[in-house]
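Let me begin by presenting the structure, written as structure tokens, before commenting on it.
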């Protein structure tokens, strides 16, 4: 994320319906966002056509979960 645009980018990310969580970070990365879709094709479309087009985003790193577990 471009310097000083973290809050603006975070707000724009949360406007994307498929983004169910987004958080600013300290360290190597500036923001982490959780995207939920029902297909890989939809996921790809969201990343390419919505998230990467947000002003202030200079790059993305995409990780896909393999299993879900909760302590609750």
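In this note's numbering, the protein residues as written are 705 to 776. Yeah, the Cβ is synthetic: ideal placement off N, Cα and C, and Gly gets one too. Please read these numbers as outputs of a predicted model, since none were measured by experiment.
For residue 728, the beta-bridge partners assigned by DSSP are 735. The shortest C-alpha to C-alpha distance from residue 708 to any of 767, 766, 759, 764 is the one to 759. Excluding the 5 residues flanking it on each side, residue 723 has same chain C-beta neighbours closer than 6 angstroms at 717, 737, 739, in chain order. In this structure, residue 761 sits away from residue 711, with a CB-CB distance that is not shorter than 8 angstroms.
The distance from the Cβ of residue 713 to that of residue 750 is about 15 angstroms, inconsistent with a contact at the 8 angstroms cut-off.
Excluding the 5 residues flanking it on each side, residue 733 has same chain C-beta neighbours closer than 8 angstroms at 765, in chain order.
In the three-state DSSP reduction, residue 723 falls in the strand class (E or B).
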